[in-house]
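In structure tokens form, the structure reads like this:
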């Protein structure tokens, strides 16, 4: 089994082919696959989906995937790697990665709801096509500041992807169309600020009583508010352990745990092993 790696925060690959350029494989990075035109099937984790013009698929790290081309296809592969580590750095050339991290975390946290082409909003297809065409032109011409411009285009693309993923979330997690989903988005946006995640602050923000907020949230998500926040934080710890070399104390400080001991104890309770054991196990899997 081939396992592919990249060594930059992101890269872009453009190919036009009559057959898949890469056979069945796994990646250690996130990959967006866009088809400008052509037809065929996209295979991922024992599932297959017909693809056509202006389709967009998402492969998460260690997903098993490949394509079968029926009609000549122009592909764009957009890959992200080490985003979480590099976002902590202050190098000017990647100064806006902090915004990407939140969008990619949202995608990670909800990727289990994805099936097939992720562009569910038909109004977004022309926008995504324009973004992809602009990226293709920038890579073809490589004018001054083309890397910086591509970063901005990709940032916009990730925003569109995150919006479309929202439409994949099952109704039980949407609660009502507005207030409940807004609460979930509020949690995601403020996950690095423990003070903003206090139940009293959330209730005040949405002009709800504390008791009503708690009952309302649990009724529709089958989790208490605090369970949801902890589960989301643990999911973000998973991401950092898998896709960065951040130290445990750095992760604990970023996500608002009291200290590294608090993080280790909480992680072990939810995952049945310590963070370092989890990291070693994940690394061993990528070496298979």
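In the UniProt record's numbering, the protein residues as written are 1 to 288. Built from N, CA and C at the ideal position, the CB exists for glycine as well.
Member of the options whose CA lies at the smallest distance from the CA of residue i
i           : options            : result
residue 255 : 147, 200, 187, 146 : 187
residue 43  : 219, 132, 116      : 116
residue 33  : 204, 271, 57       : 57
residue 31  : 81, 18, 48         : 81
residue 64  : 231, 46, 147       : 46
residue 61  : 68, 79, 48, 69     : 79
residue 26  : 35, 6, 11          : 6
residue 36  : 278, 8, 135        : 135
residue 28  : 272, 132, 243, 202 : 243
residue 195 : 133, 157, 258, 144 : 258
residue 68  : 59, 77, 49         : 49
residue 18  : 2, 260, 140, 70    : 70
residue 192 : 272, 250, 208      : 250
residue 4   : 141, 142, 59       : 59
Anticipated Cβ contact below 8 angstroms, residue i with residue j, distance rounded
i           : j           : result
residue 163 : residue 190 : About 19 angstroms separates the two Cβ atoms, so there is no contact after all.
residue 77  : residue 131 : Rounded, the Cβ-Cβ distance is 15 angstroms, inconsistent with contact.
Other residues of its chain near residue i: CB distance less than 8 angstroms, five sequence neighbours each side excluded
i           : result
residue 264 : 248, 274, 275
residue 127 : 160
residue 214 : 199, 224, 225
residue 182 : 206
residue 16  : 72, 73, 74, 75
residue 210 : 199, 200, 203
residue 228 : 184, 187, 217, 221
residue 177 : In this prediction, residue 177 has a pLDDT of 41, which is less than 50 and means its spatial position is unreliable; nothing more can be read from the coordinates.
residue 270 : 230, 231, 234
Same chain, Cβ closer than 6 angstroms to residue i, five either side skipped, listed in chain order
i           : result
residue 129 : 54
residue 233 : 255
residue 279 : 241
residue 10  : 80
residue 268 : 274
residue 157 : 131
residue 52  : 39
residue 143 : none
residue 212 : none
residue 90  : Legend: pLDDT at residue 90 = 43, less than 50; position of this residue unreliable, value from coordinates given subsequently. Answer for residue 90: no residue qualifies.
Under 8 angstroms between C-beta atoms of residue i and residue j
i           : j           : result
residue 282 : residue 236 : no
residue 74  : residue 38  : yes
residue 125 : residue 66  : no
residue 184 : residue 118 : no
residue 239 : residue 266 : no
residue 253 : residue 262 : no
Residues that DSSP places opposite residue i in a beta bridge
i           : result
residue 134 : Note: residue 134 sits in no beta bridge, so no partner.
residue 48  : 43
residue 260 : DSSP, once it has assigned bridges, lists no residue as partnering residue 260.
residue 55  : 35
residue 73  : 17
residue 242 : Residue 242 pairs with nothing; no bridge assigned.
residue 12  : 78
residue 66  : 43
residue 26  : 3
Cβ shell of residue i (< 7 angstroms), same chain only, five flanking positions each side left out
i           : result
residue 138 : 146, 149, 150
residue 152 : none
residue 277 : none
residue 20  : 66, 67, 68, 69
residue 260 : 248, 249, 252
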